[in-house]
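The sequence shown maps to residues 130 to 185 in the numbering used here.
Backbone N, C-alpha and C fix where the C-beta goes; we use that ideal spot for every residue, glycine too.
Worksheet: one structure, shown below.
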Amino acid sequence: MTCPRCDSTLERYALDGETALACRACGYLGVTVEHRSERRERESWEAALARFRRGG
130 MTCPRCDSTL ERYALDGETA LACRACGYLG VTVEHRSERR ERESWEAALA RFRRGG
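Structure (structure tokens):
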């Protein structure tokens, strides 16, 4: 089986009856992940101190 990213040969790893495919060439692991996260607004020092003073 070849890597969908770089077309190198995938290696199969097995542990406790579970298997996983990995590519040494590019680091592909065969696991779907989301690398982006939702951007959150940064809290200003003023807002953080006000929240602290309110007890929340």
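Mapping the DSSP letters down to three states, classify E170 as helix, strand or coil. DSSP places E170 in coil when its eight states are reduced to three.
Identify the residues that DSSP records as bridge partners of A154: which are they? According to DSSP, which records beta bridges pairwise, A154 is partnered with nothing at all.
Between the CA atoms of R169 and R183 - distance to the nearest angstrom: When rounded, the distance between both Cα atoms is 22 Å.
Taking C-alpha atoms, which residue in W174, H164, A177 and T131 lies nearest to A151? Comparing Cα-Cα distances from A151 to each of W174, H164, A177 and T131, the minimum goes to T131.
Can the beta-carbon of Y157 be found less than 8 Å from the beta-carbon of R141? no
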